[in-house]
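Below: one structure, written as structure tokens.
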Amino acid sequence: MAYYSRVGDVPRTRHTQHRDTSREDRRLYREELMGEEGFSSDSSLLYHRGVPSAVVGAGTWELPDQSRRPNHPLLPRHLRLHDLAVPGGADAVTGRRQVLANHDVRISYVVTGTEPSPLYRDAIGDEVVFVEAGSGTVETVFGVVPYRTGDLVVVPRATTHRWVPTEASSLYAIEATGHVAPPKRYLSRYGQLLEHAPYCERDLHGPTEPLLVEGPAADEPVDVLVKHRTSAGVVGTRHTVATHPFDVVGWDGCLYPYTLNVENFMPITGKVHQPPPVHQVLEGWNFVICTFLPRKVDYHPLAVPVPYYHSNVDSDEVMFYVGGDYEARKGSGVGLGSVSLHPGGFPHGPQPAAIEASLGATEFHESAVMVDTFAPLELGEAAAEVDDPAYAWTWAGGPRPAG
């Protein structure tokens, strides 16, 4: 995100001596560059009290079940994510249940309690975590990012952080292999969000001051969970670092965590039904993220407000239903907390009765987060547990035909 920010104590000139004047020995702060695509894209410079690479131990972190299976035979799916919640809640990091995944993106879900997560770093790619419900903070090496219901929390790759819920939080995690950013068509050639974009820089909220662990805890070893990849797939490592990583006295640059609340996204509407790209909010490598929100709908006198039938010949479509009553899915069993998967090669659209029922509508009161991928998605271990076996046959008006 090419949007400069400066927080805390940084030197006037980069890559020059920056000392802790509160100490008698005036010890140097350690400068760290966090940069994307080598040295060729967005970056920030962070100034640490300690040594950010001082690892004193390493072991294996046994990740939650990462197994997945192909969507074969090819079927649309309805997954009831609320059925994955456990009494008392789970940890925001280690409690994630993988729902859908491919080589480009992994989608998981967790309902937390109020206990903080372990320190965590995703070394595979950026994470976009949609807060279905709840509030709290994400503590990071850049500072604290508060979150609330409706936030998209964007955490750059390799950012050490932990989730600190103040109340039970329902989190829909979209983990990229690579980076996420606003769609290029929303940006000027210099990176500013343009006038036709459905949100602007005022809607992005990053850290505003450093987060420093003080006292004895600052100098004691602490574990950081790292998710990364090998030739065998996604794996986990437990690093023990010499001092607490929340030791950054200041930073500046264009790479940092931030939130964007969906209530600040301004839906684009038209005279007839608008296609999903008008709802796009972010894009990653081989996938996009869209938000469907309460809005005025088509104003042509003969408009059909619900989507037309369409074949996603190049993508799988994943819709997470989080508010209102989604018009096109009425009569299908889909409700709040549901995920629908409509795979490439399957023509899909509204339930037949929903088309006539939508005629004359002037506004929709519905909220959903969509992920479209350009490679087939496989079913994660959690999908089998919450799959609705009747969904595939709902367009035909009944249960699965015999044989």
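Residue numbers (our numbering): -10 to 392.
We treat Cβ as the ideally placed atom computed from N, Cα and C, and that holds for glycine.
Range covered by the alpha helix (DSSP H) that runs through residue i
i	result
Glu374	370 to 375
Element boundaries [beta strand (DSSP E), containing residue i]
i	result
Pro341	Careful: Pro341 lies outside any beta strand (DSSP E), inside the alpha helix (DSSP H) at 341 to 347.
Gly(-3)	-6 to -3
Gln87	86 to 90
Trp152	150 to 154
Arg218	211 to 219
Ser32	32 to 37
Tyr109	109 to 111
Asp305	305 to 313
Val44	44 to 49
Val238	237 to 242
His262	Premise fails: His262 is in no beta strand (DSSP E) and is neither H nor E.
Pair within 8 Å by beta-carbon distance, residue i and residue j
i	j	result
Glu272	Ala170	yes
Gly132	Thr219	no
Arg86	Pro53	yes
Thr129	Thr149	yes
Tyr188	Leu282	no
Arg8	Arg1	no
Leu193	Tyr(-7)	no
Val224	Pro210	no
His4	Glu21	no
Tyr380	Pro65	yes
Asp80	Trp274	no
Arg57	Ala90	yes
Val375	Ile278	no
Ser329	His71	no
Val100	Ala157	yes
Gly312	Ser356	yes
His185	Ala206	no
Gly(-3)	Gly239	yes
Leu183	Val251	no
Val144	Pro41	no
Val393	Gly322	The displayed coordinates of the chain run from -10 to 392. Any statement about residue 393 would go beyond what the structure contains.
Sheet register partners of residue i (DSSP bridge)
i	result
Val277	Glu272, Asp361
Ala162	Ser97, Val118
Met23	Ser33
Ser356	Gly312
Pro135	Thr126
Thr248	Val142, His194
Arg69	Ser327
Thr229	Gly46, Asp212
Ser300	Pro336
Val223	Arg218
Residue-chain proximity (residue i, chain B), Cβ-Cβ < 8 Å
i	result
Ser327	No chain B appears in this structure, which consists of one protein chain only.
Best match in the options for proximity to residue i [C-alpha to C-alpha]
i	options	result
Val295	Pro105, Leu89, Phe353, Asn250	Phe353
Asp212	Val238, Val(-1), Ser106, Glu252	Ser106
Arg137	Tyr298, Arg146, Phe119	Phe119
Arg(-5)	Gly324, Val237, Thr166, Ser304	Val237
Ser347	Gln181, His262, Arg38, Ala357	His262
Leu108	Val99, Val307, Arg227	Arg227
Trp50	Leu141, Val215, Gly114, Asp80	Val215
Thr258	Asp287, Trp240, Pro246, Ala207	Asp287
Asp303	Val311, Pro365, Gly326, Pro135	Pro365
Thr280	Ser32, Glu306, His337	Glu306
His427	Ala157, Tyr179, Ala147	Given that the chain is displayed from residue -10 to residue 392, the structure contains no residue 427 and the question cannot be resolved.
Val153	Gly102, Arg110, Glu203	Gly102
Tyr310	Asp241, Val134, Ser159	Ser159
Gly222	Met23, Ile113, Leu73	Ile113
Arg284	Gly195, Leu368, Ala350, Gly338	Ala350
Cys243	Asp14, Thr10, Gln6, Ser29	Ser29
Gly324	Asp377, Ile344, Val142	Asp377
Glu121	Asp115, Gly139, Pro135	Gly139
Tyr175	Val45, Pro59, His268, Glu104	His268
Exposed unless 16 or more other CB atoms sit within 10 angstroms - verdict on residue i
i	result
Phe254	buried
Lys173	exposed
Tyr315	buried
Gly392	With a pLDDT of 46 at Gly392, under the threshold of 50, the modelled position of this residue cannot be trusted, and the question is left open.
His331	buried
Glu164	buried
Asp208	exposed
Thr383	buried
Arg12	exposed
Phe235	buried
Gly84	buried
Arg95	buried
Ala373	exposed
Arg191	exposed
Arg178	exposed
Thr166	buried
Ala342	exposed
Leu291	exposed
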